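Accompanying notes for the structure given below.
There are 6 protein chains.
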Amino acid sequence: MTATVASSLPPRTVALSRATMDRLIVPSDVNFHGNAFGGKILADVDQVAYITASRHAKTTCVTASFDRADFVAPVHVGDLVRFDARITCVGRSSMEIWVRVDAEPSEGGAPRRVLEAFVTMVALDADNRPAAVPPLALETEEERRRFAEGQARMAARRREAGR
Amino acid sequence: MTATVASSLPPRTVALSRATMDRLIVPSDVNFHGNAFGGKILADVDQVAYITASRHAKTTCVTASFDRADFVAPVHVGDLVRFDARITCVGRSSMEIWVRVDAEPSEGGAPRRVLEAFVTMVALDADNRPAAVPPLALETEEERRRFAEGQARMAARRREAGR
Amino acid sequence: MTATVASSLPPRTVALSRATMDRLIVPSDVNFHGNAFGGKILADVDQVAYITASRHAKTTCVTASFDRADFVAPVHVGDLVRFDARITCVGRSSMEIWVRVDAEPSEGGAPRRVLEAFVTMVALDADNRPAAVPPLALETEEERRRFAEGQARMAARRREAGR
Amino acid sequence: MTATVASSLPPRTVALSRATMDRLIVPSDVNFHGNAFGGKILADVDQVAYITASRHAKTTCVTASFDRADFVAPVHVGDLVRFDARITCVGRSSMEIWVRVDAEPSEGGAPRRVLEAFVTMVALDADNRPAAVPPLALETEEERRRFAEGQARMAARRREAGR
Amino acid sequence: MTATVASSLPPRTVALSRATMDRLIVPSDVNFHGNAFGGKILADVDQVAYITASRHAKTTCVTASFDRADFVAPVHVGDLVRFDARITCVGRSSMEIWVRVDAEPSEGGAPRRVLEAFVTMVALDADNRPAAVPPLALETEEERRRFAEGQARMAARRREAGR
Amino acid sequence: MTATVASSLPPRTVALSRATMDRLIVPSDVNFHGNAFGGKILADVDQVAYITASRHAKTTCVTASFDRADFVAPVHVGDLVRFDARITCVGRSSMEIWVRVDAEPSEGGAPRRVLEAFVTMVALDADNRPAAVPPLALETEEERRRFAEGQARMAARRREAGR
Numbered sequence: 001m002t003a004t005v006a007s008s009l010p011p012r013t014v015a016l017s018r019a020t021m022d023r024l025i026v027p028s029d030v031n032f033h034g035n036a037f038g039g040k041i042l043a044d045v046d047q048v049a050y051i052t053a054s055r056h057a058k059t060t061c062v063t064a065s066f067d068r069a070d071f072v073a074p075v076h077v078g079d080l081v082r083f084d085a086r087i088t089c090v091g092r093s094s095m096e097i098w099v100r101v102d103a104e105p106s107e108g109g110a111p112r113r114v115l116e117a118f119v120t121m122v123a124l125d126a127d128n129r130p131a132a133v134p135p136l137a138l139e140t141e142e143e144r145r146r147f148a149e150g151q152a153r154m155a156a157r158r159r160e161a162g163r
Numbered sequence: 001m002t003a004t005v006a007s008s009l010p011p012r013t014v015a016l017s018r019a020t021m022d023r024l025i026v027p028s029d030v031n032f033h034g035n036a037f038g039g040k041i042l043a044d045v046d047q048v049a050y051i052t053a054s055r056h057a058k059t060t061c062v063t064a065s066f067d068r069a070d071f072v073a074p075v076h077v078g079d080l081v082r083f084d085a086r087i088t089c090v091g092r093s094s095m096e097i098w099v100r101v102d103a104e105p106s107e108g109g110a111p112r113r114v115l116e117a118f119v120t121m122v123a124l125d126a127d128n129r130p131a132a133v134p135p136l137a138l139e140t141e142e143e144r145r146r147f148a149e150g151q152a153r154m155a156a157r158r159r160e161a162g163r
Numbered sequence: 001m002t003a004t005v006a007s008s009l010p011p012r013t014v015a016l017s018r019a020t021m022d023r024l025i026v027p028s029d030v031n032f033h034g035n036a037f038g039g040k041i042l043a044d045v046d047q048v049a050y051i052t053a054s055r056h057a058k059t060t061c062v063t064a065s066f067d068r069a070d071f072v073a074p075v076h077v078g079d080l081v082r083f084d085a086r087i088t089c090v091g092r093s094s095m096e097i098w099v100r101v102d103a104e105p106s107e108g109g110a111p112r113r114v115l116e117a118f119v120t121m122v123a124l125d126a127d128n129r130p131a132a133v134p135p136l137a138l139e140t141e142e143e144r145r146r147f148a149e150g151q152a153r154m155a156a157r158r159r160e161a162g163r
Numbered sequence: 001m002t003a004t005v006a007s008s009l010p011p012r013t014v015a016l017s018r019a020t021m022d023r024l025i026v027p028s029d030v031n032f033h034g035n036a037f038g039g040k041i042l043a044d045v046d047q048v049a050y051i052t053a054s055r056h057a058k059t060t061c062v063t064a065s066f067d068r069a070d071f072v073a074p075v076h077v078g079d080l081v082r083f084d085a086r087i088t089c090v091g092r093s094s095m096e097i098w099v100r101v102d103a104e105p106s107e108g109g110a111p112r113r114v115l116e117a118f119v120t121m122v123a124l125d126a127d128n129r130p131a132a133v134p135p136l137a138l139e140t141e142e143e144r145r146r147f148a149e150g151q152a153r154m155a156a157r158r159r160e161a162g163r
Numbered sequence: 001m002t003a004t005v006a007s008s009l010p011p012r013t014v015a016l017s018r019a020t021m022d023r024l025i026v027p028s029d030v031n032f033h034g035n036a037f038g039g040k041i042l043a044d045v046d047q048v049a050y051i052t053a054s055r056h057a058k059t060t061c062v063t064a065s066f067d068r069a070d071f072v073a074p075v076h077v078g079d080l081v082r083f084d085a086r087i088t089c090v091g092r093s094s095m096e097i098w099v100r101v102d103a104e105p106s107e108g109g110a111p112r113r114v115l116e117a118f119v120t121m122v123a124l125d126a127d128n129r130p131a132a133v134p135p136l137a138l139e140t141e142e143e144r145r146r147f148a149e150g151q152a153r154m155a156a157r158r159r160e161a162g163r
Numbered sequence: 001m002t003a004t005v006a007s008s009l010p011p012r013t014v015a016l017s018r019a020t021m022d023r024l025i026v027p028s029d030v031n032f033h034g035n036a037f038g039g040k041i042l043a044d045v046d047q048v049a050y051i052t053a054s055r056h057a058k059t060t061c062v063t064a065s066f067d068r069a070d071f072v073a074p075v076h077v078g079d080l081v082r083f084d085a086r087i088t089c090v091g092r093s094s095m096e097i098w099v100r101v102d103a104e105p106s107e108g109g110a111p112r113r114v115l116e117a118f119v120t121m122v123a124l125d126a127d128n129r130p131a132a133v134p135p136l137a138l139e140t141e142e143e144r145r146r147f148a149e150g151q152a153r154m155a156a157r158r159r160e161a162g163r
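In the order they appear, the protein sequences are chains A, B, C, D, E and F.
Here this note's numbering is used: position 124 in the first sequence is 124, and no number is missing along the way.
Here this note's numbering is used: position 128 in the second sequence is 128, and no number is missing along the way.
Here this note's numbering is used: position 7 in the third sequence is 7, and no number is missing along the way.
Here this note's numbering is used: position 18 in the fourth sequence is 18, and no number is missing along the way.
Here this note's numbering is used: position 4 in the fifth sequence is 4, and no number is missing along the way.
Here this note's numbering is used: position 113 in the sixth sequence is 113, and no number is missing along the way.
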């Protein structure tokens, strides 16, 4: 099953554009109490989301929005942080990317969820105008469920922006 | 009038902790089509919000959440970008910071709104536990209105987090 | 009253090009004793001066000179530093920018003056040749006094360069 | 089957410490002809190797050596580069990490191998002395083959260092 | 002949603390017209001056002042820039460092002087108080001349600071 | 005596392209135990090698390979590190650069060898194709010996790459 957006481009799977990044938190990421700045984490979330979006669209992209993001656990210097980005849903030229962030101390200890974010990216053509993106080839029940949830969030964003 | 949160700390005004940052967008901020990465902008939003929060609380802080943020206009290499952060509302140890981002081409042209963000920061003591923050001394009608709106958003965030 | 340099460009006020930057000093700004490198501070002084100059001239600019700059107080990791840049005086294509730098510990304590600098910037056209800049519309007695002092410094720099 | 090095630490699999990093090559990674600096790529190779080593050893590590590394294809601005690091072989306190680097243009086109590197990392205790590392639990025929090849390279490095 | 400042520390020559740095100007050093930011050059001047000062004093140092610095030639992306720092003169705990900056296009062409700067550094002890520095062992006629000129500048700086 | 590679370009000496870099290791270069990342050192080795190669070839260059590099001593925050790059040998469009890295604590103590590396760089023309490089004018017995050793390594690299 592929997404219902009409497009002449061949559909692409979620797996083809998934992006991951393992990163060590170093002194230049943290304040002088050893806590990572939230903005440094968001900058990395944006980078992996960008990579997933441009792998799917095969063109340059631009960040359209970040949904509300809660830092549910702190990140410290020396932590190993894993960013995992997957496309959930596509519109004509927009894509919703789901990014999960987990951290674990490099010297052992249980990993913990830090953040979950939904980033909307828009594909652009050479003149910086929105470009059509390939439909999403959904392969699993879970991917279909996430696609439907993503469509509901996309509709809600349009309603909110219309206020 | 000061905010209603009971506290033994002397109240502080909105003006005392306002922070601004003018920044030139340089080649290392942009992708190879000249568009600034959204995450670089969010990292700067977090920095000015951090400065406002720590100016108000006089202690180290940590980012608790970013509300939904829409990039309503692009940012290009060579743009002059202004970040303006003000505290709107305080809880016991949390603060809501309102950040506006505007850009204008350095070679002339009208400024444009890029982004508006609400960042929640939490004050921490020396043991990284939430610390009480000073009440907010509200001086204008507009500050009182924003405080009320901020309280509503704080309540909504607690409801959402409780889901 | 506007500056006496003849120009077909409409005069612009000091306020229109003023630039400020609030910045937190982080571990990557300091040596391993926690003191900020002077050169990191000067790089930021140059950035805000550049923004003021290019806001006034509406064109790209280049740094021509830094007057003698004394670091009269140290800057430590965790300090909040404010850079404040204002144009004082213009020549045909050159501008004198006055930058003040103040620091305060993010965990409370009195702010202190760190540095005061006069930076000369030159406006450039598309071929990297000096370009005419708008005259300065002086609005206050203090701005007029600073303009006169700036003209004296500009003349002294020309004499020194002529040696 | 686990590696033959005697150790009181529980063995860990190759999969547990594998690290990957997807990265977009931006203007600050390249010279002014758009080619990425080899040293920027090696710095990232070292980062993912460090993460794999410290995930296996659960302690801080230090780079002991890089084997000869050939850049068999160029990397350009706008490329998406994937770094993939796996542990191949362990000694008492040293680990050999195998890192593969592949690049593909973000606007489409076939991926290409850029580099393959073997990095030797040493685990350190709190006093910066070599620390014992867990044995490697080998799960596949390929992992066993790579372990044997890694042991041969480790022996060759010791011989060369002894010269 | 050694400098006349009384000190129990053994004198050190100019050559022992000379520092040089060759650097390629990359896209992240320049504005979007390809001109290097003056502040980036000054940050590097401060770094090599710091290295010379700390090589002479064998302790941590802090920048006390920069004398007036004129950018007499522009620096472009792709230029090879050489920074050359030598100590000219010492006081009880202060040192004057003379830094010359030259640039040449990496693709050929004559080198040109970009900047000459005199940086005053102060040696600090473990409590961040001024620390005595070794006397300067002058070896050539030119070093003696520069020492005398440096003493005159040091005296002039004290007079100016006393205003 | 000049190198035997036929070329219409005038020969250039080893001294003309030698590059050095003195650098202070700062908190952003190190892990949270104060040890410099090996990859940060290799990135700097690549930079000085690039400068030497492009000074010799007077054109843009690209890193072709790094020979095996052993970190024979650690590098700590606060160390002064000196990189010294010299060309040893040239082929038609390739150059072998020999880089030595030494470190000494900025607060005194004996310098120590950290690393020795042989980097192969290739000169490129405007279309990113290999470009002929000037022959090497050898001036001392030691330079002639190093040239011969470099030719042997170049031949060995070709044999290994041919596998």
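Quick reminder that beta carbons are idealized off the backbone N, C-alpha and C, glycines included.
In this text, all values refer to a predicted model and were calculated from it rather than measured experimentally.
Proximity of Glu141 (chain F) to chain E, defined by a Cβ-Cβ separation below 8 Å, is not satisfied.
At a cut-off of 8 Å between beta-carbon atoms, Lys40 (chain C) makes contact with chain E. Nearest C-alpha to Arg112 (chain B) among B:His76, B:Ala137 and B:Leu42: B:His76. Exclusion of the five residues before and after Ala36 (chain D) leaves Ile25, Asp29, Val30 and Val75 as the residues of its chain whose Cβ lies within less than 6 Å of its Cβ. By the Cβ rule, the region 16-25 of chain C counts as touching the region 44-55 of chain C, because three or more pairs are nearer than 8 Å.
For Arg68 (chain B), no beta strand (DSSP E) encloses it, and the DSSP letter there is neither H nor E. In the structure shown, Asp127 (chain A) adopts coil according to DSSP, grouped into three states. Around the CB of Ala117 (chain E), 16 or more other CB atoms lie within 10 Å, so the residue is classed as buried. Here the region 103-111 of chain C does not lie against the region 140-160 of chain C, with fewer than 3 beta-carbon pairs under 8 Å apart. Residue burial is scored here from C-beta neighbours: Leu124 (chain A) has at least 16 other C-beta atoms within 10 angstroms and is therefore classed as buried. At a cut-off of 8 Å between beta carbons, Gly91 (chain F) makes no contact with chain E.
Residue state for Glu104 (chain E) is assigned as strand, using DSSP reduced to three classes. Taking the C-beta atoms as reference points, Asp46 (chain B) is found nearer than 8 Å to Gly38 (chain A). Spanning the alpha carbons of Ile97 (chain F) and Ser17 (chain F) requires a straight line of approximately 10 Å.
Shortest Cα-Cα distance from Thr60 (chain C) to any of C:Val101, C:Ala132, C:Val114 and C:Gly91 involves C:Ala132. For the C-beta of Asn31 (chain A), the chain C residues within less than 8 Å are, from N- to C-terminus, Leu24, Val26 and Gly78. Contact of Gln47 (chain E) with chain C is assigned, a C-beta pair being separated by under 8 Å.
Chain E has no Cβ within less than 8 Å of the Cβ of Ser17 (chain C). In the DSSP assignment, Ile87 (chain C) falls within the beta strand (DSSP E) that extends over Asp79 to Val90. In this structure, Pro10 (chain A) lies away from Pro130 (chain A), with their beta-carbon atoms at least 8 Å apart.
The Cβ atoms of Arg82 (chain C) and Asp67 (chain C) do not sit closer than 8 Å to each other. Rounded to the nearest whole angstrom, the CA to CA distance from Thr63 (chain D) to Val90 (chain D) is 14 Å.
A distance below 6 Å between beta-carbons, with the five flanking residues on each side excluded, links Arg86 (chain B) to the following residues of its chain, in chain order: Val14, Arg18 and Trp98. Taken atom to atom, the span from the alpha-carbon of Arg92 (chain C) to that of Val114 (chain C) is near 31 Å. Residue pairing from DSSP places Met21 (chain F) in a beta bridge opposite E:Met21 and F:Phe83. Take the alpha-carbon of Gln151 (chain C) and the one of Pro27 (chain C): they are about 40 Å apart. Residues are counted here when their Cβ sits less than 8 Å from a Cβ of chain A; for the region 54-65 of chain B these are Thr60, Val62, Thr63, Ala64 and Ser65, given in chain order. The three-state secondary structure of Glu139 (chain C), taken from DSSP, is coil. If you draw a 10 Å sphere on the C-beta of Ala155 (chain C), you find fewer than 16 other C-beta atoms in it, and that means exposed. According to DSSP, residue pairing for Asn35 (chain F) in a beta bridge involves F:His76. Put simply, the CB of Gly34 (chain F) is far from chain E, with every gap to its CB atoms at 8 Å or more. Of all alpha-carbon atoms in F:Leu80, F:Asp84, F:Leu42 and F:Arg12, the one lying nearest the alpha-carbon of Phe32 (chain C) is that of F:Leu80. Collapsing the DSSP output to three states places Ser54 (chain B) in a helix.
Residue contact with chain B for Asp67 (chain A): present (Cβ-Cβ distance below 8 Å to some residue of chain B).
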